[in-house]
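Beneath this line is the structure, given in structure tokens, with notes to follow.
Numbering (the working numbering), first residue to last: 139 to 261.
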């Protein structure tokens, strides 16, 4: 499947999400970057799924590498912009639940993204 790079929605990073992603292993960064590019093109990567518990239009990319799980959460409900909200390594080895502190961070960053979009809508 080909993606026209000139047709991509802009990607905006909230808080430390971009810096946090840069600390991931190279293969994980590449996989997440590719999945985000699909989101920017209005398509869904195989590793993307809805993120539950924080409202509609929030998606996550999950990537396992060397026994560790990495996640990147992004917002699609604002027209024409993809907001990357949070990138983190899941520390717990049991269960699939996202830790409450990460859910709270995602919720606060959704609000920041919505405020940013009001000030700087897509052009």
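A virtual CB, placed ideally from N, CA and C, is assigned to each residue, including glycine.
- Annotated three-state conformation of residue 250 is helix, per DSSP.
- A distance below 6 Å between beta-carbons, with the five flanking residues on each side excluded, links residue 166 to the following residues of its chain, in chain order: 201, 203, 208.
- Only residues of its own chain outside the window of five on either side were considered, and among them 222, 223, 224, 225 have a CB closer than 7 Å to the CB of residue 155, listed in chain order.
- In this structure, residue 197 keeps its C-beta atom at 8 Å or more from the C-beta atom of residue 190.
- Annotation: the continuous alpha helix (DSSP H) that includes residue 168 extends over 164 to 178.
- Of the candidates 228, 169, 151, the residue whose Cα lies closest to the Cα of residue 241 is 228.
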